[in-house]
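A.B. asks: Structure provided below as structure tokens; questions to follow.
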Amino acid sequence: MNRLTTLFVTIVILATGAAPATAQKPLKVLTRDTAAIAGPAARHARSFAAKTGIPVEVARTPFAELYERIMLGFVTAQMADDVLLIPSAWLPDFAPYLAPVPEPILEGRVVQDIDPVYRDALMRWRGQPMALTIDGDLHLGAYRRDLFEDPDIRAAFAAARGRALELPKTWAEYQEIAAFFAGREIAGERRLAGTLEAYARGGQRIWYLFSHAAAYTNHPAHPGAMFFDPDSMRPAIDNPGWVRALREFLALRKAGPGDVETLDSATVRKRFAAGDAAMDIDWADTGVLAGALRGVSGAVSPVAGHVGFFRLPGSDEVWNPATLRWDKLPAPRSVTFLAFGGWIGVVPASSRRIDQAWDYLAWLASPEHSAEDVLDGTSGINPYRSSHLEDAEPWRRLLGERQADDYLRVLRESLGAKTVARDLRLPGYRAYIAALEDQLDRVMAGEQTAEAGLKAAAEDWEALTDRLGRETQRRHYRLAMGLPVVE
């Protein structure tokens, strides 16, 4: 009997005594109402119950209502759930109501195997471990290798652009390639989109804009200044780096399909997997959905076996927030952006079954169970453990050797990059994002310019920071960006 099994048997004995397992009330888990995240939560709830005798009930709520339902439970002292599976960005708002991660879990493989980028950035708040990472999110690019390696296409690109068709190192090169492929009919196929990105509000478009901005707004000499000046908390989202990123993001709509402004991230990956585009930017889900040589339901993407991957495009210059000018870099630099960051599991301090709740989360996120989930393109769970990236064989069986090795290489390089930009994460997060989304709506509708929209959003952010407390927000922001805090 291994250590984990022994632990769970002991839990059952201590928790239930002589009472039959069926007499126990179920642990209550709350998360979103989709197969992503909720699917694995329910699947592993069944195996957890079979192993320990502790029943688990997974409740699902529409994502748009999840935050409010949880916060209402906290502020009214009516929280009925034992486990919450939530976006990592919500941790600052919920942390005062949560139980910390137990030391035995922190010291064991369940936590120590998590890649430090996710473990250090997402599980802690104010220095204390309050959550367990159950998903790892960052953006990367995917492309159709069959198109990029086609001799006729390569010749046409060289003739049109005066250079060889290669993977984009910069956002400018990415735009050029997207424009070249946009509208082309390849071998009798329907006309291609040059690339796919999400533009629908509520469809994760904000993280696509952030991924563009990461390259231009993370100066090596000024870490943590992507969203705010970490000393003054003046918003940075209206500087020239952000303006360039937004203009670029908007211009790329011309390389998309006719309904480009309706695309959410789920549609992006589905359409790329259907062969509708030469490239896309997405989370790692695209790799599994488009590249799998054996689908979960038996269906296989028409581009399976012909998918390659690239790190987020970068830039050879970056905005300097101190000198207020562009600085030239020695070479193009890709900045990894932890878009959304990933999902986490937390336990309300009000739960009367805190130990069992953490045991369920440790079971759900275990190296063994999560290794199954990351191979399932419907799970919503992307690689976040060292072990996920070290063992190539399961990936080679799923994707084939060439695709798998390319996929793992890009993920390893992204996580091991010199510059890894963290997503926005501080109290009032949803209000900050909503303010930016409101202005982005107006910019996309042509009601105002990129400069005007970002300036208005920055003014909204400034007012929010004043209302929430500038000094407190400064401290929280510095912690979230991994910067030292002087009390």
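Numbering (mature numbering (1 follows the signal peptide of the UniProt record, and there is no 0)) for the sequence shown: -21 to -1, 1 to 466. The beta carbon of each residue, even a glycine, is placed where N, CA and C say it ideally should be.
#1: Distance check for alanine 410 and leucine 443, CA to CA, integer angstroms please.
#2: Only counting the same chain, and skipping five residues up and downstream in sequence, which positions put a Cβ closer than 8 Å to that of alanine 68?
#3: Given a cut-off of 8 Å on the beta-carbon distance, is the pair arginine 388 and glycine 287 in contact?
#4: On a CA-only basis, which of Arg226, Val326, Val465, Gln382 is nearest alanine 74? Give me that one, please.
#5: Please determine if the stretch 32 to 43 and the stretch 369 to 381 are in contact, where contact requires at least 3 C-beta pairs separated by less than 8 Å.
#6: When the cut-off is 8 Å and only beta carbons count, does leucine 6 lie next to chain B?
#7: Are there three or more Cβ pairs, one per stretch, closer than 8 Å when the stretch 132 to 139 is compared with the stretch 169 to 181?
#8: Drop a sphere of 10 angstroms on the beta-carbon of threonine 451, count the other beta-carbons inside from all chains shown, and report buried for 16 or more, exposed for fewer.
#9: Only counting runs of 4 or more residues, tell me where the alpha helix (DSSP H) segments fall wholly within the stretch 248 to 328, in order along the chain.
#10: Exposed or buried, what is lysine 7 when buried is set at 16 or more other beta-carbons lying within 10 Å of its beta-carbon?
#11: Buried or exposed: where does glutamate 176 fall if 16 or more other Cβ atoms within 10 Å of its Cβ makes it buried?
#12: Count the other C-beta atoms from every protein chain shown that fall within 10 angstroms of the C-beta of arginine 25, then say buried if there are 16 or more, exposed otherwise.
#13: Does valine 353 come out as helix, strand or coil in the three-state DSSP assignment?
#14: Taking only runs that begin and end inside the stretch 176 to 210, name each unbroken alpha helix (DSSP H) of 4 or more residues, in chain order.
#15: I'd like to confirm the pairing. Which residues does DSSP put opposite proline 108 in its beta bridges?
#16: Just to confirm before moving on: does the CB-CB distance between alanine 256 and arginine 248 stay below 8 Å?
#17: Go ahead and pull the three-state DSSP assignment for methionine -21.
#18: Given a cut-off of 8 Å on the beta-carbon distance, is the pair glycine 235 and threonine 149 in contact?
#19: Give me the Cα-Cα distance between residue 482 and isoleucine 132, rounded to the nearest whole angstrom.
#20: Can you tell me whether arginine 39 is helix, strand or coil according to DSSP?
C.D. replies: On the basis of the coordinates in this document:
#1: About 8 Å.
#2: Setting aside the 5 residues that flank it on each side, alanine 68 is surrounded in the same chain by Phe319, Gly320, Asp402, Leu403, Arg404, Tyr408, each with a C-beta closer than 8 Å to its C-beta; the list follows chain order.
#3: No, the Cβ-Cβ distance between arginine 388 and glycine 287 is not below 8 Å.
#4: Closest by alpha carbon: Val326.
#5: Not touching, per the Cβ criterion.
#6: Protein chains in the displayed structure number just one, and chain B is not present.
#7: Touching, no.
#8: Within a 10 Å sphere around the beta-carbon of threonine 451 sit fewer than 16 other beta-carbons, which makes this residue exposed.
#9: Qualifying alpha helix (DSSP H) stretches, in chain order: 264 to 270.
#10: So lysine 7 counts as buried.
#11: Around the beta carbon of glutamate 176, 16 or more other beta carbons sit within 10 angstroms, so the residue counts as buried.
#12: Its Cβ having fewer than 16 others within 10 Å, arginine 25 is exposed.
#13: Shown here, valine 353 sits in coil according to DSSP, grouped into three states, outside any helix or strand.
#14: Unbroken alpha helix (DSSP H) stretches of 4 residues or longer found wholly inside the stretch 176 to 210: 184 to 196, given in chain order.
#15: According to DSSP, proline 108 bridges with Arg103.
#16: No, the Cβ-Cβ distance between alanine 256 and arginine 248 is not below 8 Å.
#17: Because methionine -21 sits at a pLDDT of 37, beneath the cut-off of 50, its placement in the model cannot be relied upon, and the following sentence gives the value as read from the coordinates. In the structure shown, methionine -21 falls within a coil segment according to DSSP collapsed to helix, strand and coil.
#18: No, the Cβ-Cβ distance between glycine 235 and threonine 149 is not below 8 Å.
#19: Outside the modelled stretch of the chain, which goes from -21 to 466, sits residue 482, for which no answer is possible.
#20: The answer is strand: DSSP assigns arginine 39 an E or B state.
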